[in-house]
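Here's the structure we're looking at; comments come further down.
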Amino acid sequence: MHDTRSLDGIRFLLAMWVSCGHFFIIVGGSNTIDIPILSKILANPIIAVDGFMMITGFLMAYHYFLREAKEPVNEFATGMKFVIRRLFRLYPVYLIAIICATLLVSQMYINREEILIYFTGDSLTIWGGESKHETPTPIGFVSHLLFAHGIIPGQDSTILSVAWSLSLEMQFYVLFPILFALLFYNKSKIMIFSVTVLAVIMSFVTLKFYTHWYDMPALLIFKFPLFLLGMLMAAACLNKMKWSYFYVAALLILPFESKMTIVAALAIMMFLFLDKLKGNLNPAVFRVISFFRSVLSGKAAKLGADISYSLYLFHMILMPFVIKFYINLGLSKYQTLSLSFVTFIVLSILISYVGYVAVEKPFINLGKKVVRRLDGSKPTLIPSAARSEVGS
1 MHDTRSLDGI RFLLAMWVSC GHFFIIVGGS NTIDIPILSK ILANPIIAVD GFMMITGFLM
61 AYHYFLREAK EPVNEFATGM KFVIRRLFRL YPVYLIAIIC ATLLVSQMYI NREEILIYFT
121 GDSLTIWGGE SKHETPTPIG FVSHLLFAHG IIPGQDSTIL SVAWSLSLEM QFYVLFPILF
181 ALLFYNKSKI MIFSVTVLAV IMSFVTLKFY THWYDMPALL IFKFPLFLLG MLMAAACLNK
241 MKWSYFYVAA LLILPFESKM TIVAALAIMM FLFLDKLKGN LNPAVFRVIS FFRSVLSGKA
301 AKLGADISYS LYLFHMILMP FVIKFYINLG LSKYQTLSLS FVTFIVLSIL ISYVGYVAVE
361 KPFINLGKKV VRRLDGSKPT LIPSAARSEV GS
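Under full-length UniProt numbering, the letters of the sequence shown match residues 1 to 392, in that order.
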């Protein structure tokens, strides 16, 4: 069994990438402040979301394999327990975020336009389009409550823009038990490679046209290869599948992703499989990477992973109001930028911590109790290195 604790720190870093990236975009990106290399990274927070998808696929399959003896993959009840756990984990704090966003979304977008004008002199975003405005609609609210907004054209990023990925992940969660059984129940390499090739082709073709109907790639078909790569990585990691199958699948999937996504995927793999790479790395290089892996595996990283889901949900609600507050103080642009960024980060982390302690953690425990009552069993013992839950 591999040491998966480094995923804690990676998840927190990805959540921070999304948060800082959105801050950078909202204040005008390189038109306001241009930082070599970092500006390009910050302007592409969707790459961090790609990383979350890969980690999601990995952790879902990893935990499923660990529960395999107790919860056979070919039983319907296993899939139901999985969905119940995910709903108790994700929905309560998500519901709070959606209600808050619905009440505030119109002002959020007004503030965002005013922020762009303040920092750049016009309302054009870094992509050259006009800063949009949103007004909540009944179908938008209901579809967000049901995680269905990602499959409805025009609703994928309206009330809470970052929630597009939550709808996409929920599509994956619903199909995951079937996908898991399909790929691993009979351990057929023909099935694994057929699904991989089909996923890559469908994603490559449809991603070219998704902007005709969606603001974000919020349908599972667009991003499924990344989830699949994570699932196959978990199977190889636990010796449920030959490593050669995973290598071939990675070579089929990654060339069709963006360069930054490939780098992010390789970094995740490096930290997860560092011990396996030891013989191929210079000892000094191995020690340096091991040090960073230990940092990503520590208690602070675990706390960061715990709050990453709430951080992902609430940062876009908080951000426009914090920046607008400092703009209204009449400070210089540099003072406004620096003070609003520090305040935004601190408040986001504090609110996320409260969200985790007061909402997420109690409902996670409640979900576990509900599942145990369904089958009258004792708690499942999962090694500490595998207890991470998905943060986005």
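Think of the CB as a built atom: it goes at the ideal place given N, C-alpha and C, for glycine as much as any other residue.
Check whether residue i and residue j have beta carbons under 8 Å apart
i: Val73; j: Phe172; result: no
i: Leu238; j: Tyr62; result: yes
i: residue 393; j: Lys302; result: The displayed coordinates of the chain run from 1 to 392. Any statement about residue 393 would go beyond what the structure contains.
i: Pro177; j: Ser203; result: no
i: Leu42; j: Gly21; result: yes
i: Leu168; j: Lys223; result: yes
i: Ala250; j: Leu220; result: no
i: Ile152; j: Ser165; result: no
i: Val162; j: Leu313; result: yes
i: Ser348; j: Ser131; result: no
i: Lys189; j: Tyr245; result: yes
i: Ser258; j: Ala15; result: no
i: Gly150; j: Ala218; result: yes
i: Ile126; j: Asn31; result: yes
i: Gly304; j: Phe23; result: no
i: Phe271; j: Leu311; result: no
i: Met231; j: Lys187; result: no
i: Trp17; j: Pro36; result: no
i: Ala236; j: Trp243; result: yes
i: Ile10; j: Ile351; result: no
i: Met191; j: Leu179; result: no
i: Asp306; j: Tyr247; result: no
i: Tyr326; j: Ser340; result: yes
Beta bridge counterpart(s) of residue i as assigned by DSSP
i: Glu130; result: Leu124
Neighbour flag for residue i against chain D, beta carbons, 8 Å
i: Met231; result: Among the chains of the structure shown, chain D does not appear; only one protein chain is present.
Nonlocal neighbours in the same chain, by C-beta distance under 7 Å from residue i, ignoring five residues either side
i: Leu252; result: Thr196, Val197, Val200
i: Ala386; result: Bear in mind that a pLDDT of 43 at Ala386, under 50, signals an unreliable position, so the number given afterwards is only what the model happens to contain. For Ala386, where only same-chain residues beyond five positions count, the Cβ hits under 7 Å are Thr4, Tyr62, His63, Leu66.
i: Phe286; result: Lys278
i: Leu254; result: Ile262, Ala265
i: His135; result: According to the sequence provided, residue 135 is Thr. The question's His does not apply to it. Ser106.
i: Met260; result: Asn44, Ile47
i: Phe119; result: Val27, Gly28, Thr32, Lys333
i: Thr206; result: Ile221, Phe222
Own chain residues within Cβ distance below 8 Å of residue i, not counting five before or after
i: Asp375; result: Ala77, Lys81
i: Ile139; result: Ile152, Gln155
i: Glu113; result: Ser123, Ser131, His133
Neighbourhood of residue i by C-beta, 6 Å cutoff - its chain only, sequence neighbours within 5 removed
i: Met170; result: Phe147
i: Ile117; result: Ser123
i: Ala101; result: Ile159, Leu160, Ile317
i: Pro92; result: Val359, Phe363
i: Val390; result: Only weak support exists for where Val390 lies, its pLDDT of 39 falling under 50; the value from the coordinates is given anyway. Counting only Cβ-Cβ distances below 6 Å, and skipping sequence neighbours, we find Thr56, Leu59.
i: Phe227; result: Met53, Gly57, Phe172
Contact between the segment 83-103 and the segment 48-59 is defined here as three or more beta-carbon pairs at a separation below 8 Å; is this criterion met? no
Just list the alpha helix (DSSP H) runs in the segment 6-77, keeping only unbroken ones of 4 residues or longer that don't cross its boundaries, in chain order. 6-26, 38-42, 46-66
Three or more C-beta pairs under 8 Å: does that hold for the segment 211-222 against the segment 154-164? yes
What are the start and end residues of each continuous beta strand (DSSP E) run of 3 or more residues lying completely inside the segment 246-312, in chain order? none
So does the segment 106-113 actually touch the segment 306-322, counting three or more Cβ pairs closer than 8 Å? yes
At least 3 beta-carbon pairs within less than 8 Å: the segment 264-272 vs the segment 44-52: yes
Would you check if the segment 333-341 and the segment 279-293 touch, i.e. whether three or more CB-CB distances between them fall below 8 Å? no
Runs of beta strand (DSSP E) lying entirely within the segment 158-228, each at least 3 residues, in chain order: none
3-residue-minimum beta strand (DSSP E) runs that sit fully inside the segment 81-126, ordered along the chain: none
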